[in-house]
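Trainee: Pasting in a structure now, in structure tokens, and then I'll have a few things to ask.
Residue numbers (our numbering): 118 to 457.
Encoded structure:
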């Protein structure tokens, strides 16, 4: 019997990926390894539906611990490493390294233990660091956050695993932009909510580029690249960006959302220098706010951080993109109207 093991399987991406594997009838068993079961309504609903198929098993485990004692009897054909401490801000610096590096080491050891030669690792565009210039896979990596640094280090751990048996081991490293879609509840979901309430305005940042990817497109990319590797049409090690192309601006996001809400696409804009001055003057307060607070200093500064990312690898390999920004929003609304 064949199996897929998804570390971080109860997270937003893990649940979608498991659902897709079930739809494709790819494996006899799918193991979701996570520190806890989903807690939000959307995650619980999707989780219950995939458990009902009889093909999915949940295993409670912290990836910082030894993983070789997991109760898995089937042959492990593929390993997905989606587990990470990722929300930024939201954690102390050492927490990103404790989980993301130790987890990478333990998952690679787990792969050796089960003689699995196929790993997909979900990294992040955070490895490129700050800068308004367009970045692709060849751009020098200069991460300026603990999260970005931990992800780059975790990439190297996976690369070393592949390098130990280049002929047989397949490694896919996906540097994903902001993943959005039904159930994500992140920045794009917040933007939909604010625009829906007609509370949105630009803060001198409408031309800031924000690299993102729709959840369904991300699934298609992960599966497409890995299948090409298995059929030897792409090298055994593939490192690529997963982002929309061309990279949308904040204005593009707001217009696309407004279009799907049948709202006006015109928004009031406050000059950047005024907003930035206000952020700096209030920093003695905002720096002390909880990292989960919408007005936390680091979170406010991210509003002006450009992420102009080009998925050159996918473009060069002629990956057939299915969704652009507008069709992503349209499909999201169709899939879950309550978000809109």
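Note that beta-carbon positions come from the ideal geometry of N, C-alpha and C, so glycine has one too.
This one's a predicted model, so the numbers in the text were calculated from it and none came from an experiment.
Over the uninterrupted beta strand (DSSP E) stretch that includes residue 194, give me the two end residues.
Mentor: Note, residue 194: beta strand (DSSP E), 192 to 198.
Trainee: Among residues of its own chain, excluding the 5 on either side of residue 156, which ones have a beta-carbon nearer than 7 Å to its beta-carbon?
Mentor: Hits under 7 Å: none found.
Trainee: Considering Cα atoms alone, identify which of 140, 129, 142 and 147 is closest to residue 110.
Mentor: Any property of residue 110 remains undetermined from this structure, which presents the chain solely from 118 to 457.
Trainee: Residue 340 lies in the alpha helix (DSSP H); which residues open and close that run?
Mentor: Where residue 340 is concerned, the enclosing alpha helix (DSSP H) stretches over 332 to 347.
Trainee: Do residue 436 and residue 331 count as a contact pair if the criterion is CB distance below 8 Å?
Mentor: Going by C-beta atoms, residue 331 is not nearer than 8 Å to residue 436.
Trainee: Run through DSSP, which three-state label would residue 135 get?
Mentor: Helix at residue 135.
Trainee: DSSP three-state label for residue 145, please.
Mentor: The answer is coil: DSSP assigns residue 145 none of H, G, I, E or B.
Trainee: Quick one: what does DSSP say residue 433 is sitting in, helix, strand or coil?
Mentor: Here residue 433 sits in helix by DSSP.
Trainee: Within 10 Å of its beta-carbon, does residue 165 have 16 or more other beta-carbons around it, so buried, or fewer, so exposed?
Mentor: The residue is exposed, with fewer than 16 neighbouring Cβ atoms inside 10 Å.
Trainee: Assign residue 235 to one of three DSSP states: helix, strand, or coil.
Mentor: DSSP places residue 235 in strand when its eight states are reduced to three.
Trainee: Please classify residue 169: does DSSP put it in a helix, a strand, or coil?
Mentor: If DSSP states are grouped into helix, strand and coil, residue 169 belongs with coil.
Trainee: I need the DSSP call for residue 227, collapsed to helix, strand or coil.
Mentor: Three-state DSSP puts residue 227 in a helix.
Trainee: Considering only C-alpha positions, which residue in the set 442, 334, 152 and 172 is nearest to residue 220?
Mentor: With distances taken between Cα atoms, residue 220 lies closest to 152.
Trainee: I'd like to check one pair, residue 377 with residue 313: are the Cβ atoms closer than 8 Å?
Mentor: Their beta carbons are not under 8 Å apart, which means residue 313 does not touch residue 377 by this criterion.
Trainee: Quick check on residue 414: does DSSP put it in helix, strand or coil?
Mentor: Its pLDDT being 49, under 50, residue 414 is placed unreliably by the model, and the measurement read from it follows with that caveat. In this structure, residue 414 counts as helix in the three-state DSSP scheme.
Trainee: Evaluate contact between the region 256 to 272 and the region 230 to 247, counting only Cβ atoms and requiring at least three cross-stretch pairs below 8 Å.
Mentor: Touching, yes, given that three or more Cβ pairs across the two stretches are closer than 8 Å.
Trainee: Reducing DSSP to helix, strand and coil, say where residue 424 ends up.
Mentor: Strand, per DSSP.
Trainee: Determine the DSSP secondary structure at residue 159, reduced to helix, strand or coil.
Mentor: Three-state result, residue 159: helix.
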